[in-house]
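Residues -27 to -1, 1 to 159 in mature numbering (1 follows the signal peptide of the UniProt record, and there is no 0) are what the sequence shown lists, from first letter to last. We put the beta carbon where it would ideally sit given N, CA and C, even for glycine. Comments concern the structure below.
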Amino acid sequence: MYMNLNRNMLRRLAAAALAGTMVFSLAACGSKGGSSSSASTSSSSSSSTSSSSAQDDDAKTQQADVLSAILVDIKGNVEVGSAGSSLKAVPYAVSLLDWASSSTLSQEEITAIVNDMFSTIPADDSAADEYNEQLGLVNADCQVLLSDDAQELLSEAGCTDVDTAAWSEQTAGVLGLVMAAAGVEG
């Protein structure tokens, strides 16, 4: 039990550090969004199977940490019900879509990360409801960003340097896994 608590604490610290890093990348509306994770997950090729397996585990751990950081950012920064809240949520939607476009996490791994995030929310219904509304707002922006109206929304939100080319049906599928785990309807 102690090791499990220690591991959860380390994950939260890593997520907080990544969240701090993401604040700087969000200043440009996530123009490269997941670039920090993709740069850190690239590795030199190795002929050793165990080394490759360890690299895969490291990449999955980094992907999990990035998703955790995005979820923390959404919880702490997305405002629901305020003027322009949908446009203010666009950078978080961009970050989530950039992450989803390169994710190799399984449904079970994504569900565990989302559940871990929900375990940090106070037990009262209003806090969980508010977080679901925040995720719903980001999900709505993600749906627009995955459509033909993406450039219009990005322009309205002031996010002009976003590369949407990597977003595909697979991206939408991974996003769906995150939202399903959170109980957000698409």
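Rounded to whole angstroms, the gap between the alpha carbons of Gln28 and Gln35 is 10 Å.
Linking Gly54 to Ala32 through their CA atoms gives a straight-line distance of about 36 Å.
Scanning its chain for C-beta atoms nearer than 7 Å, with the 5 sequence neighbours on each side dropped, one finds around Ala139 the residues Ser74, in chain order. Residue environment for Asn112: buried (at least 16 other C-beta atoms within 10 angstroms of its C-beta). Its Cα nearest to that of Val147, the residue Ile83 stands out among Ile83, Glu158 and Asp30. With contact defined as three or more Cβ pairs closer than 8 Å, the segment 120 to 130 and the segment 87 to 96 are not in contact.
In the same chain as Thr137, and ignoring 5 residues on each side of it, the C-beta atoms closer than 6 Å to its own belong to Ala123, in chain order.
Val157 is a Cβ neighbour of Asn105, given a cutoff of 8 Å. Where Leu108 is concerned, the enclosing alpha helix (DSSP H) starts and stops at Asp98 to Leu118.
In its chain, beyond the 5 residues on either side, Ser58 and Lys61 have a beta carbon closer than 7 Å to the beta carbon of Glu52.
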